[in-house]
Amino acid sequence: MKKQSLIQVRNIYKWFITRKSDVLALEDCSLDIDKGDFVAFVGPSGCGKSTLLNMIAGLMLPTSGSIIYQGEEIKEVNKKIGYITQHDSIFPWMTVEQNVGISLEIRKSPKNERVNEIEKFIKLVGLEGFEKHYPSQLSGGMRKRVGLARTLIYDPMAIILDEPFGALDAQLKLVLQDELLKIWQKTKKTMLFVTHDLGEAISLADRVVVFTGRPGKIKFIRDIPIPRPRDVFQIRFTAQFGELYEEIWESLKEEVSKGEDL
Amino acid sequence: MIKKSQIDRSLQIEKDNALEELRKASLPSFYERHIKIQLYRLLLLAFLLAIWQIVSGWLIPANWIASPLLVVQKASELVSTGILFYHLKATILEMIIGSVIGIFLAIAAGFILGSYRLLSDALMPYIAAIYGIPRIAMAPLFVMWFGIGMGSKIILVAVVVFFLVFFNAFVGARDVDQKYIDSVRIMGASTWNIFRMVIFPHSAGWIFVGLRLALPRALIAAVVGEIISSNQGLGYLIEESGGMFDVAGILVAVGVLAGLGVLLNSLLNLAETRTSKYRFIE
Chain A
1163 MKKQSLIQVR NIYKWFITRK SDVLALEDCS LDIDKGDFVA FVGPSGCGKS TLLNMIAGLM
1223 LPTSGSIIYQ GEEIKEVNKK IGYITQHDSI FPWMTVEQNV GISLEIRKSP KNERVNEIEK
1283 FIKLVGLEGF EKHYPSQLSG GMRKRVGLAR TLIYDPMAII LDEPFGALDA QLKLVLQDEL
1343 LKIWQKTKKT MLFVTHDLGE AISLADRVVV FTGRPGKIKF IRDIPIPRPR DVFQIRFTAQ
1403 FGELYEEIWE SLKEEVSKGE DL
Chain B
72 MIKKSQIDRS LQIEKDNALE ELRKASLPSF YERHIKIQLY RLLLLAFLLA IWQIVSGWLI
132 PANWIASPLL VVQKASELVS TGILFYHLKA TILEMIIGSV IGIFLAIAAG FILGSYRLLS
192 DALMPYIAAI YGIPRIAMAP LFVMWFGIGM GSKIILVAVV VFFLVFFNAF VGARDVDQKY
252 IDSVRIMGAS TWNIFRMVIF PHSAGWIFVG LRLALPRALI AAVVGEIISS NQGLGYLIEE
312 SGGMFDVAGI LVAVGVLAGL GVLLNSLLNL AETRTSKYRF IE
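Keeping their order, the protein sequence lines are chains A and B. Sequential numbering from 1163 applies to the first sequence in this note's numbering. Sequential numbering from 72 applies to the second sequence in this note's numbering.
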């Protein structure tokens, strides 16, 4: 018998009803994600990939279908998962260490334990010396690191990253991708990574899930057999990367150009 | 042989020294400007007082506009007899108690309505209707209901403060980005956690804008309430002095009110920089 997956998405449909129009965002999506997997989601804008992840996070419920997380159906906010969004949702009114410690404060963990943990995770993302800084005093890349530390600290089984490096410049993006892979290898978290950047998806993930344009359906799932550990700076120049890129892009292209017509 | 790094270091030190010299050289102009501003202010004040002193009792009879000297005389008389302090205390008490009640209720109501869209959408027309009433116009009503003592003024102050702060707290809470709330919900935050960690700090700026409008008006409300009907407070002092054609007495009370206004503003500035540090870093 096959081992049960960490996340099981079963025949999800999602309708958005508004005054102006009704939109079918997702149509019959099913997907299994195993513990420790690094899965990337690509597709044209508005294809519902963020919607699917919001439902895995329990911030939204499907119109029909079900999502099983660690053997339990998600019916409310999923507190065993981490969520990092494109626009960093770290709080501008808190310092770096306060931001990183939010979840510990919510859990009312003892003060000395809190201080140690915060220190440990600030070190993990390389932000020593910036503990007392406010987000407005940090660069974009540093704010991403704060968001990552804030999520890793409460040790969720899986982490959703919704275009986390979308707004960064190309070089910084590579540096952060590299760090993310290292942290992933160290922590063995399950990663659900949404991106617009196919290259990013291939360099990072074990599997790439391609979505169709609206209504969002899973078009196909491609395994990425590039061996690990990977060097995100060099990987783009390998033949294997090029072939995978071309293959997935062929199929993604149709969807993206369909989206243009809308 | 001298190493390259040593040369670099001595060059760096030279450069730092030159920069420091430049900084020092530009200091005098900075202080000069500061001193000039203070000087101009004092000159203007002296000039106005002089004009006032000359005009009063010469161009305009002193019983219409008391001269600065008469006002100072009256003030020292009111201070030494303890009358001024007695009235000041009443007005300040009404303001503080009324404002605290008003602010507390306003923030609570603003946050609740700001967080529950359904409730606020349902109640909005009523809130807008009440908001349209000039609250000061209700002063006589409050005097009728709650008597001529401090109670009616406290309630008037509370009502005035409530509406100005409420709308800001409401908008502040409503405009919180959902992603901030979601990011802590996913960590298991309770409603109280969400209020304390997200909604309150996010709305603080809005609330301070409300307080800046509300507190001066709270002072006005207390004084207007006292003028309409009371037995103590600065408004009563004004009303009583007016009844006796004591212009100097009125001017003393008005001067004290102006001073209170300035004091309130600087207290607010202090409170805002203390509580919202992150908005005041360069």
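For every residue, glycine included, the Cβ atom is placed at its ideal position computed from N, Cα and C.
Unbroken alpha helix (DSSP H) stretches of 4 residues or longer found wholly inside the stretch 1327 to 1351 of chain A: 1332 to 1349, given in chain order.
DSSP places D79 of chain B within a helical segment (H, G or I) once states are collapsed to three. The Cβ neighbour count for I225 of chain B, taken over all protein chains shown within 10 Å, is at least 16; the residue is labelled buried. In terms of beta-carbon proximity, S1251 of chain A lines the interface with chain B, with at least one pair separated by less than 8 Å.
Pairing R206 of chain B with F234 of chain B gives a Cβ-Cβ distance under 8 Å. Residue-level contact by beta carbon fails for Y187 of chain B and chain A, as no gap is shorter than 8 Å. Cβ proximity to chain B below 8 Å picks out V1239, N1240, K1241, I1243, G1244, Y1245, T1247, H1249 from the stretch 1238 to 1249 of chain A.
Bounds of the alpha helix (DSSP H) holding K1306 of chain A are 1302 to 1314. None of the residues of the stretch 1371 to 1405 of chain A has a beta carbon lying less than 7 Å from any beta carbon of chain B. Taken residue by residue, none of the stretch 118 to 148 of chain B has a beta-carbon sitting less than 7 Å from a beta-carbon on chain A. Secondary structure at E103 of chain B: helix, using DSSP grouped into helix, strand and coil.
Here the stretch 1272 to 1288 of chain A makes no contact with the stretch 1223 to 1237 of chain A; the two share fewer than three CB pairs at distances below 8 Å. The three-state reading of DSSP puts R1172 of chain A in strand, counting E and B together. Taken atom to atom, the span from the alpha-carbon of W123 of chain B to that of F316 of chain B is near 19 Å.
Around the beta carbon of E1259 of chain A, 16 or more other beta carbons sit within 10 angstroms, so the residue counts as buried. For the options A:R1398, A:I1345, A:G1302, the alpha carbon positioned closest to that of I1315 of chain A is the one of A:I1345. At least one beta carbon of chain A lies nearer than 8 Å to the beta carbon of A260 of chain B.
Think of a sphere of 7 Å around the beta carbon of I1264 of chain A: the chain B residues whose beta carbon falls inside it are V255, M258, M268, in chain order.
Not flagged as an interface residue toward chain A: Y111 of chain B, since no C-beta distance is shorter than 8 Å.
For S191 of chain B, no Cβ of chain A is located within less than 8 Å of the residue's own Cβ.
At least one CB atom of chain B sits nearer than 8 Å to the CB of Q1299 of chain A. Distances from the alpha-carbon of G1378 of chain A to those of A:D1194, A:C1209, A:T1257 put A:C1209 closest. Burial of N239 of chain B is indicated by the presence of at least 16 other C-beta atoms within 10 angstroms of its C-beta. Boundaries of the beta strand (DSSP E) harbouring D1194 of chain A: 1184 to 1195, taken from the DSSP string. Pairing V150 of chain B with A208 of chain B, the inter-Cα distance amounts to about 33 Å.
Boundaries of the alpha helix (DSSP H) around I1264 of chain A: 1264 to 1268. Contact check for M1319 of chain A and T1352 of chain A: beta-carbon distance about 6 Å, within the 8 Å limit, so the pair qualifies. Pairing D1393 of chain A with V1356 of chain A gives a Cβ-Cβ distance that is not under 8 Å. Residue pairing by DSSP places F1382 of chain A opposite A:V1372 in a beta bridge. Where L1289 of chain A is concerned, there is no enclosing alpha helix (DSSP H), because DSSP gives it neither an H nor an E.
The beta carbon of S347 of chain B falls within 8 Å of a beta carbon belonging to chain A, placing the residue at that interface. By the C-beta criterion, the stretch 123 to 143 of chain B is judged to be in contact with the stretch 316 to 326 of chain B, since at least 3 inter-stretch pairs fall below 8 Å.
Look at E1238 of chain A here: in three-state DSSP terms it is coil, with no helix or strand label. The beta carbon of I178 of chain B does not come within 8 Å of any beta carbon belonging to chain A, so the residue lies off that interface.
Within the DSSP secondary-structure output, M315 of chain B pairs in no beta bridge. DSSP places A137 of chain B outside both helix and strand once states are collapsed to three, so it counts as coil.
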